[in-house]
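Peer 1: Each residue of the sequence shown is one higher than the last, beginning at 0 in numbering that gives the first Met the number 0. We put the CB at the ideal spot given by N, CA and C, even for glycine. Dropping the structure in here first, questions after.
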Amino acid sequence: MSAVPALPADLDLADLERVACEVAREAGRLVVDERPTELGTTAKSTRTDVVTEMDQRSQELLLERLAVLRPDDAVLGEEEGGRPGTSGLTWVVDPIDGTINYLYDMHEYAVSVAAVVGDPAVPGAWRPVAAAVLNPPTGELFHAHTGGGARLTGPGGSRSLRANPVSDLGLSLVGTGFGYAAEVRERQARLLVDLLPRVRDVRRHGSAALDLCAVACGRLDGYYETGLNAWDRAGGMLVAVEAGALVGGPVGEVPTRDLTWAAAPGIAAELSALLRELTSRHVGSVGEPG
Ligand code: LIP
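Below you can see the structure in the form of C-alpha cells.
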C-alpha cells in the first residue's frame with residue numbers, strides 16, 4: 000500500500016468543510032427542485048446499474064462551483080467529466096449516491112463531497128480531510144474535517160456525533176449493500192447468510208455514504224460493503240472516523256474496493272475479523288482499485 004502524503008501546512012480544513020457543505024447543499028437543491036416527472040436513465044455496468052440525467056446535472060453543478068471556489072484542485076466524480084488540478088487536493092464527489100432510491104423517489108440518497116489528499120485512484124495512497132454528505136429530501140447534512148469532529152446539521156439544529164458504545168456483535172445492527180452484477184450479488188448474498196446469525200439484524204438502505212454516516216450518528220453499529228468506489232465512501236468514512244468509529248478494509252485500516260467496513264469501536268475488531276474471513280470465503284477480490 001502506498002503512503003498517504005502529509006497534509007499541506009497551509010490547508011484550512013475548516014474552510015474546506017465549509018466549501019463541501021456549500022456545494023453539497025447547492026447540488027441537493029438541484030436534484031430535489033428540478034427532478035423531472037419522467038426521469039431519463041442510461042444503463043452503465045449492467046441494465047440495473049443506471050445513471051439519471053440528474054446524476055449528470057448534479058455533477059456538472061459540483062464541477063462548476065468547485066472551479067470557482069477551489070480552481071486549483073482536481074475533481075474526481077462518479078460520472079464522466081472530472082478534471083486534473085495542481086494543488087495536490089482532489090474533490091471526490093458522488094453527485095447522487097443511492098441513484099436507485101432517487102429513481103424510485105425513496106428518500107435515502109445523498110450528495111457526497113469530500114476533499115482528499117493523495118491519489119484517490121490508488122488504495123492506501125489517499126485520505127479524506129474534509130467532507131459533507133447531504134440527504135437532500137430530509138435536509139440532514141453530515142459534515143466533518145480531520146481533527147474537527149463530526150456534526151449533523153439539519154431541521155432539528157446541529158449536534159456533534161459519536162458512534163455507539165456497543166460491545167456485543169450479537170446485539171449490533173449492521174448495514175450493507177450489494178453490487179449490480181448478478182454473479183457478484185450471489186456471492187454477496189452467500190456472505191450475508193453466514194453473517195446474519197452473528198448480529199442483531201441487517202439493514203440495506205441503498206446509499207453507502209448515508210450508511211457510513213449512520214454509523215457516525217448511532218443509527219447503525221456497523222456497516223460493510225464490497226465493490227465500493229472511492230466516491231461512494233470518501234465523504235462518509237471521514238464523518239464516521241471523526242465520530243469515533245473505526246474504518247478499514249481487507250487489510251488494516253484502509254478501506255478498498257474489495258472491502259469497506261466501519262464500526263463502533265467496541266465491535267470493530269470482531270466485526271472486521273469476521274468480514275475478512277467471510278469476504279475471503281465468498282467474495283474474493285472484486286477487481287480494480289478505487
Ligand atoms: C450505491 C451505493 C450503495 C450500493 C448500491 C450503489 P450508487 O451507489 O452507495 O451502497 O449498495 O448498490 O452502488 O450507484 O447509487 O452511486
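Is there contact between the segment 141-149 and the segment 175-188, where contact requires at least three CB pairs shorter than 8 Å?
Peer 2: no
Peer 1: Should residue 186 and residue 168 be called a contact, given that it needs their Cβ atoms to be closer than 9 Å?
Peer 2: no
Peer 1: Looking at C-alpha atoms only, which residue of 164, 172 and 141 is the closest neighbour of residue 153?
Peer 2: 141
Peer 1: For residue 47, collect the residues of the same chain with a Cβ closer than 7 Å to its Cβ; drop the 5 residues on either side in sequence, then sort them by chain order.
Peer 2: 179
Peer 1: Got a sec: does the ligand LIP put a non-hydrogen atom nearer than 8 Å to the Cβ of residue 206?
Peer 2: yes
Peer 1: If you follow the beta strand (DSSP E) that residue 127 is part of, which residue opens it and which one closes it?
Peer 2: Run containing residue 127: 125-134, per the beta strand (DSSP E) assignment.
Peer 1: How far does the alpha helix (DSSP H) with residue 101 in it extend, from its first residue to its last?
Peer 2: 98-102
Peer 1: On the DSSP letters alone, give me the boundaries of the beta strand (DSSP E) that residue 227 sits inside.
Peer 2: Where residue 227 is concerned, there is no enclosing beta strand (DSSP E), given that its DSSP letter is neither H nor E.
Peer 1: Can we count residue 40 as close to the ligand LIP, meaning its CB is less than 8 Å from some heavy atom?
Peer 2: No, the beta carbon of residue 40 sits no closer than 8 Å to any heavy atom of the ligand LIP.
Peer 1: Just curious, the alpha helix (DSSP H) that residue 271 is in, first and last residue?
Peer 2: 264-281
Peer 1: Helix, strand or coil for residue 203, going by three-state DSSP, please let me know.
Peer 2: In the structure shown, residue 203 sits in coil (DSSP, three-state: anything other than H, G, I, E or B).
Peer 1: Assign residue 293 to buried or exposed, taking buried as 16 or more other Cβ atoms, counted over all protein chains shown, within 10 Å of its Cβ.
Peer 2: Summary: the structure shown does not reach residue 293, with the chain confined to residues 0 through 289, and so no result is reported for it.
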